[in-house]
Structures are given as structure tokens and as C-alpha cells.
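Q:
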Amino acid sequence: MNIILAGPYPTGTLEHFQSLLPEHRVTSVLTQEEYDAMTDAECIIVRILKTPEGVIEHNPNLKAVIRWGAGYDSVDIEAAGKRGVMVANTPGVNAYAVAELTLGLMILLSRKILGYCHNVQSGNWDRGIYGNASFSLNYKTVGIIGGGSIGRRVAALTQAFGARVQYYDPIRLPGEVEQQHHMTFVPLDQLLSTSDLISLHVPLLDSTRHMIGAEQLAAMKPSAYLLNTARGGLIDDAALLESLQKGHLAGVGLDCVEDENSAVTAQLLQCPNVIITPHIGGTTADLADAMIPFIAEKVTSLAKTGTMHDIVNTQWLPRS
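Residues 0 to 319, numbered by numbering that gives the first Met the number 0, are exactly what the sequence shown covers, in order.
#1: Spell out the partners DSSP gives Asn-1 in its beta bridges.
#2: Quick check on the burial criterion: 16 or more other C-beta atoms within 10 angstroms. Buried or exposed for Lys-111?
#3: In angstroms, rounded to a whole number, what distance separates the CA positions of Gln-17 and Lys-297?
#4: Within 10 angstroms of its Cβ, does Gly-11 collect 16 or more other Cβ (buried), or is it exposed?
#5: Quick check for students: name the residue ranges of the beta strand (DSSP E) that lie wholly in the stretch 30-89, counting only runs of 3 or more.
#6: If you run the structure through DSSP and keep just helix, strand and coil, what is Asn-118?
#7: Please check the pair Trp-315 and Lys-81, which I expect to be a contact at CB under 8 angstroms, by giving their CB distance rounded to whole angstroms.
#8: Exposed or buried, what is Ile-279 when buried is set at 16 or more other beta-carbons lying within 10 Å of its beta-carbon?
#9: Measuring straight from C-alpha to C-alpha, what distance separates Pro-277 and Asp-254?
#10: Report the residue from Thr-140, Ser-206, Leu-190, Val-92 whose alpha carbon sits nearest the alpha carbon of Gly-147.
#11: Spatial neighbours of Leu-301 within its chain, please: C-beta separation below 7 angstroms, excluding the five flanking residues on both sides.
#12: Rounded to the nearest angstrom, what separates Asp-168 and Ile-275 at their Cα positions?
#13: Our contact map puts Val-176 next to Val-141 with C-beta atoms below 8 angstroms; I'd like the distance itself, whole angstroms only.
#14: Would you tell me roughly how many angstroms separate the C-alpha atoms of Ala-213 and Ala-98, rounded to the nearest one?
#15: Report yes if the C-beta distance between Asn-58 and Thr-30 is below 8 angstroms; otherwise report no.
#16: Tell me whether the beta-carbon of Thr-207 lies closer than 8 angstroms to the beta-carbon of Leu-233.
#17: Return the first residue and the last residue of the beta strand (DSSP E) that Ser-198 is part of.
#18: Report the residue ranges of all beta strand (DSSP E) runs contained in full by the stretch 161-213; include only those spanning at least 3 residues, in chain order.
#19: In chain order, what residues of the same chain have a beta carbon less than 8 angstroms from the beta carbon of Ala-247, not counting five sequence neighbours either side?
#20: For Val-119, which residues of its own chain have a beta-carbon under 7 angstroms away from its beta-carbon, when the five flanking residues on both sides are left out?
#21: Would you give the residue range spanned by the alpha helix (DSSP H) that Leu-268 belongs to?
#22: Using DSSP with H/G/I as helix, E/B as strand and the rest coil, what is Val-97?
#23: Is it true that the CB of Leu-104 sits closer than 8 angstroms to the CB of Gly-252?
#24: According to DSSP, simplified to helix, strand and coil, what is Gly-305?
#25: Is it right to say Arg-66 is buried, meaning 16 or more other beta carbons lie within 10 angstroms of its own, or is it exposed?
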């Protein structure tokens with residue numbers, strides 16, 4: 000099978016795949032332009048590049064697209080399904096990395112660490128300057144939107160710091176899972192109005208786009224912190240900026256934004272109580288050690304059985 004590794008990856012990724020899949024031809028394309036122009040892929044492994052309908056159309060022998068990561072909004076899953084192309088993701092593999100970044104942003108914001116660092120670099124060693132505005136996670140209420148692998152991992156990490164966790168998900172977790180992870184289900188409006196820190200861990204779908212808008216932001220405590228390490232587009236960034244400019248919300252941590260080059264993002268970057276990182280939640284040097292074998296197993300299953308686990312576009316695939 001001709002397998003294309005699309006986009007930039009950690010050093011050694013191509014060679015690692017080639018060693019695990021010796022019976023297949025594994026090559027790479029690095030740029031979106033190369034990706035859009037290729038015509039001979041049977042299986043695509045993609046991380047950063049977008050997979051629109053055109054890529055699917057131009058590869059008539061394509062059987063599957065495998066996303067390096069849990070999110071799949073960069074793939075036209077409907078167009079793929081209608082052409083019999085399976086799209087699979089890799090849920091849970093990067094949960095630890097994303098959850099750790101989420102916790103890191105929470106602590107940076109709530110303890111005002113960046114502000115203290117900047118002051119010290121300027122020669123100001125006043126340890127009390129943010130004393131009345133900082134707090135620990137102990138006894139705080141963390142509201143998690145999305146009860147999947149990452150949301151549950153964030154729950155475990157924040158509970159280790161003494162926080163109480165409540166969550167909302169359109170599909171409620173089974174009772175035994177809630178009990179196992181000590182997560183209390185509440186309606187979204189209750190979560191927004193009662194949480195000290197609110198963290199988003201849902202996929203970007205039509206139903207979740209701008210799920211946090213002006214109305215939801217207004218419902219949050221003025222002292223609340225908002226975190227998004229999932230997908231840009233879950234938050235209406237223009238409404239978020241307006242809320243911050245009005246002094247509502249204590250701080251925001253974003254690993255993703257709606258549009259990195261927009262005027263709104265430029266203004267968010269100037270807000271002293273906003274931390275923005277370039278979507279690095281699932282980017283660690285050691286993540287590939289877990290991700291590559293996980294994906295290689297999917298490829299092997301596809302070659303042997305014609306299918307694989309974690310298919311996300313079954314509703315559009317032809318019925319057998």
C-alpha cells in the first residue's frame with residue numbers, strides 16, 4: 000500500500016513508520032502545495048495540513064485518512080465518506096500532553112507567574128504586587144466542557160491539586176465513569192456560572208462552533224479563568240475580546256484561536272491577562288513514541304481487514 004505521511008513531523012518519524020511497516024511504501028510530502036498535487040495515495044497520515052475534498056478527489060485509490068491527533072475538523076469527512084474513504088483519529092494518545100499544557104496555563108494564570116517574571120526581569124522584586132489577585136487551585140471549582148480522554152485527564156490533574164471538578168458534555172458519561180473520575184455532571188449554564196476555571200475539551204463541529212459566545216461569557220464569574228486547548232472556533236474571539244476589554248474574566252489561556260492573523264488576535268495578544276500559545280498541546284518530543292505505533296497498527300488493520308478502529312465518518316460511508 001502506498002502511504003503518504005503529509006506535513007512536518009518530528010525528526011525520524013518517516014523512518015520509524017518505514018521500520019514498522021516494511022511491507023508498505025511510506026513516503027512524505029511536506030507542504031500543502033505538494034499535498035494538494037499528489038495523486039497516488041492509498042492511505043494518508045496527516046497532522047497539520049488540511050485535507051479538503053480536492054485532495055480526496057485527486058487520489059482515486061485512496062482508502063483511508065488517519066489523523067495524528069484527536070481532532071479531525073481539518074479533514075472533509077463527509078466528502079471522504081461519500082467516496083468510500085474512511086477517516087480515523089487517534090483519541091487519547093495525546094491526552095496527557097494536552098492536559099499537562101492545560102494545567103500549566105491554569106497555574107501560570109492563577110498565580111500570575113508571567114507577570115512576576117516580567118517584573119523581576121525589569122528589576123522589580125515586589126512579591127506582593129499580585130498577591131490579592133492570585134490564588135491556588137486548592138478548593139477551587141474547575142468546570143470541564145467535554146468528558147473525553149483529555150477532559151478526564153484534566154480532571155485528574157486538577158483534583159490532585161485539591162480542586163473540585165464538574166463537567167458538561169452533550170453526551171453524558173455513564174454513571175460508573177463519573178464516579179471513577181469524581182466528575183459531577185451539571186448543565187452548561189450552571190457550569191459557566193459556578194466554575195472558577197473553565198476548560199474546553201470538545202471537537203470543533205457545526206454544533207460546537209462559537210459554543211462560548213457573548214451570552215456564555217457574560218454568564219461566567221468576573222473572577223473566572225477560561226482555557227481553550229482544544230480548537231480555535233469553539234470561542235467567539237471577538238466576543239471574548241470585548242468581554243476582556245470590559246474587565247470581565249480574570250484571565251484567558253488559549254492554545255488555539257479562530258484566526259492567527261486577524262486583528263482580533265492581535266488585540267488579544269496585547270491583553271496582559273491573556274496567554275496564547277501556538278497550538279502546542281499535543282506537541283512533545285516523546286509523543287511520537289506512542290503515536291507512531293498506534294497509527295501503524297491502524298494501517299496494518301486496514302491492509303489485513305479493510306477497516307480500522309476509531310472511524311469518525313461512518314455515517315457517510317457506503318453501507319455494506
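Here a beta-carbon is modelled for each residue, glycine too, at the ideal position from N, C-alpha and C.
A: In short:
#1: Arg-24
#2: buried
#3: 14 angstroms
#4: exposed
#5: 42-45, 63-66, 85-87
#6: helix
#7: 5 angstroms
#8: exposed
#9: 6 angstroms
#10: Val-92
#11: Cys-42, Lys-62, Ala-63, Met-307
#12: 25 angstroms
#13: About 17 angstroms separates the two Cβ atoms, so there is no contact after all.
#14: 26 angstroms
#15: no
#16: yes
#17: 196-199
#18: 163-167, 196-199
#19: Rather than Ala, the amino acid found at residue 247 in this sequence is His. Excluding residues within five positions, the ones whose Cβ falls inside 8 angstroms are Leu-216, Ala-217, Met-219, Pro-221.
#20: none
#21: 262-268
#22: helix
#23: yes
#24: coil
#25: buried
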